[in-house]
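**Student:** Residue numbers (my numbering): 1 to 277.
Handing you this structure, nothing more for now.
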C-alpha cells in the first residue's frame, strides 16, 4: 500500500507533538470535565461530545472546516487500494474546531492543509495526515484508544469523536499540561491526558483496542505491543530520524503483529525519558 499524494508533505519533521524537548516527570492523568461555555450550541452532537456556540466556533470557521474536508475527500482514497474514506474519520475532522487548538490563529491559517507551530519546536498536525491516520485505525466508535504524543491535543480531540475513550501521553510537560487544560475547557469528556514516557505506554489502563503513534520510534516498543488487545490495531511511523521511515498498520494476531505498509513518511523521533545514571 502507498500513501496518496498530499499537498503538504507528510514528511514535515516537526509534524507531531513528541519532540526533542527535555522530558518531564510523569503527571497524574486527569479526565476532561464538561465545557463551561454558556453559549447556545451551533449544532446537534452525540451524547457526551462537546458542543460549541458561535462565540467559539463561528460560521466562517465551520464553513472553512467543511471546505477542508471536501478537499481532503476529493484528493482520493487515503492510500492506494484502501477503498473510500471512512465516513467516521472524515466526520470527526469536520466536527473538530482546529482553530481552538491554535490560539490566536486566523481561520484561514487554522484550516490550511499544513502543519503549524505550537512551540517547543513542534507543530499541530496537518489535517490530511490526521484524517489518514484516523482512517487507518478502522474505528467503529466502541474502542479505547491510546495515543502517544498529545502535542496540541488536536489529534486526540478528533479521535474522541470516533472512539469511546482516548488516553494520550505527552513527554513534553508544557505541551501535555496545556493540552490537558485545553481539552478540559472545551468539554472533551472522554479524553484523558498524562505527561510521561510513551515508550512505557499506560499499563494501568491497558489493554487498548487501538494505539496511535504520532512520532517515530526505531521499532515498536514492547510495552505497547503488550498493551494492545488481541485483534487490536496499532498505526504509526517507524524508523530512524535520518532514514526513510514507513507508516505502518499492525494487527495483533496470536500475540504477534501482522504488518501492512502504508508508505514512506518522515516524522519527528519518539523521545523517551533518559535512563537513571
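Think of the CB as a built atom: it goes at the ideal place given N, C-alpha and C, for glycine as much as any other residue.
Just so it is clear, the structure is predicted and the values come from calculations on it, not from any experiment.
Going by DSSP in three states, residue 168 sits in which element: helix, strand or coil?
**Tutor:** Along the chain shown, one-based indexing puts residue 168 at 168. In this structure, residue 168 counts as strand in the three-state DSSP scheme.
**Student:** Classify residue 281: buried if its beta carbon has 16 or more other beta carbons within 10 angstroms, exposed otherwise.
**Tutor:** The displayed coordinates of the chain run from 1 to 277. Any statement about residue 281 would go beyond what the structure contains.
**Student:** So is residue 210 buried or exposed if we call it buried at 16+ other beta carbons inside 10 Å?
**Tutor:** Translated into positions along the chain shown, residue 210 becomes position 210. Residue 210 should be labelled buried.
**Student:** Hey, is the region 219-226 in contact with the region 165-177, meaning 3+ C-beta pairs nearer than 8 Å?
**Tutor:** no
**Student:** For residue 272, name the three-state secondary structure that DSSP assigns.
**Tutor:** Along the chain shown, read from residue 1 onward, the residue named residue 272 stands at position 272. Three-state DSSP puts residue 272 in coil, outside helix and strand.
**Student:** Look up residue 147 in the DSSP assignment and give the residues it is bridged to.
**Tutor:** Translated into the one-based positions of the chain shown, residue 147 becomes position 147. Residue 147 pairs with 168 and 212.
**Student:** Taking the beta strand (DSSP E) that residue 261 falls in, what are its first and last residues?
**Tutor:** In the chain shown, residue 261 corresponds to position 261, counting from 1. Start and end: 256-265.
**Student:** So, are the CB atoms of residue 179 and residue 150 less than 8 Å apart?
**Tutor:** Stepping through the chain shown from its first residue, residue 179 is reached at position 179. Stepping through the chain shown from its first residue, residue 150 is reached at position 150. Cβ distance < 8 Å, so residue 179 and residue 150 count as in contact.
**Student:** Residue 162 to residue 136, Cα distance in whole Å?
**Tutor:** In the chain shown, residue 162 corresponds to position 162, counting from 1. In the chain shown, residue 136 corresponds to position 136, counting from 1. In a straight line, the C-alpha of residue 162 is about 12 Å away from that of residue 136.
**Student:** If you draw a straight line from the C-alpha of residue 67 to the C-alpha of residue 108, how long is it?
**Tutor:** Residue mapping note: residue 67 aligns to position 67 of the chain shown, counting from 1. Residue mapping note: residue 108 aligns to position 108 of the chain shown, counting from 1. Rounded to the nearest angstrom, the two C-alpha atoms are 11 Å apart.
**Student:** From residue 63 to residue 253, what does the alpha carbon distance come to, in whole angstroms?
**Tutor:** Here the question's residue 63 lines up with position 63 in the chain shown. Here the question's residue 253 lines up with position 253 in the chain shown. Looking at the two C-alpha atoms, the distance is approximately 42 Å.
**Student:** Using only the alpha-carbon positions, how far apart do residue 195 and residue 202 sit?
**Tutor:** Here residue 195 corresponds to residue number 195 of the chain shown, with the count starting at 1. Here residue 202 corresponds to residue number 202 of the chain shown, with the count starting at 1. Roughly 11 Å separates the two Cα atoms.
**Student:** Quick one: what's got a C-beta closer than 7 Å to residue 249's C-beta in the same chain, skipping five residues either side?
**Tutor:** Looking up residue 249 in the chain shown gives position 249. For residue 249, where only same-chain residues beyond five positions count, the Cβ hits under 7 Å are 136, 233, 235, 260 and 262.
**Student:** Starting from the Cα of residue 141, find the closest Cα among 120, 123, 86 and 112 and give me that residue.
**Tutor:** As a first step, residue 141 is located in the chain shown; it is residue number 141 there, counting from the start. Taking only the C-alpha atoms, the option nearest residue 141 is 86.
**Student:** Mind checking whether residue 271 and residue 124 have CB atoms under 8 Å apart?
**Tutor:** The residue you call residue 271 lines up with position 271 of the chain shown. The residue you call residue 124 lines up with position 124 of the chain shown. The answer is no: Cβ separation not under 8 Å.
**Student:** Assuming residue 126 is part of the beta strand (DSSP E), what are its boundary residues?
**Tutor:** As a working note, residue 126 is residue 126 in the chain shown. Element bounds for residue 126: n/a, residue is neither H nor E.
**Student:** Please return the same chain residues whose Cβ sits closer than 7 Å to the Cβ of residue 100, not counting the five positions on each side in sequence.
**Tutor:** What you label residue 100 is simply residue 100 of the chain shown in a count that begins at 1. Taken in chain order, the residues that qualify are 56 and 186.
**Student:** The beta strand (DSSP E) spanning residue 116 covers which residue range?
**Tutor:** Counting from one through the chain shown, the residue named residue 116 turns up at place 116. Per DSSP, residue 116 belongs to the beta strand (DSSP E) from 116-119.
**Student:** Output needed for residue 102: all residues of its chain with C-beta closer than 8 Å, excluding positions within five of it in sequence on either side, in chain order.
**Tutor:** Position 102 of the chain shown, counted from the start, is the residue given in the question as residue 102. Cβ neighbours of residue 102 beyond the five flanking positions: 109, 110, 116, 118, 124 and 152.
**Student:** Output yes or no for whether 8 Å exceeds the beta carbon distance between residue 156 and residue 129.
**Tutor:** The residue given as residue 156 occupies position 156 in the chain shown. The residue given as residue 129 occupies position 129 in the chain shown. No.
**Student:** How about residue 206 and residue 269: are their beta carbons less than 8 Å apart?
**Tutor:** The count along the chain shown starts at 1 and reaches residue 206 at position 206. The count along the chain shown starts at 1 and reaches residue 269 at position 269. Cβ distance not < 8 Å, so residue 206 and residue 269 don't count as in contact.
**Student:** Spatial neighbours of residue 219 within its chain, please: CB distance less than 7 Å, with the 5 preceding and 5 following residues excluded, ordered by chain position.
**Tutor:** Here residue 219 is taken as the residue at index 219 of the chain shown, counted from 1. These residues qualify, in order along the chain: 238.
**Student:** Whose C-alpha, out of 113, 212, 251 and 264, is nearest the C-alpha of residue 240?
**Tutor:** As a first step, residue 240 is located in the chain shown; it is residue number 240 there, counting from the start. The option with the nearest alpha carbon to residue 240 is 264.
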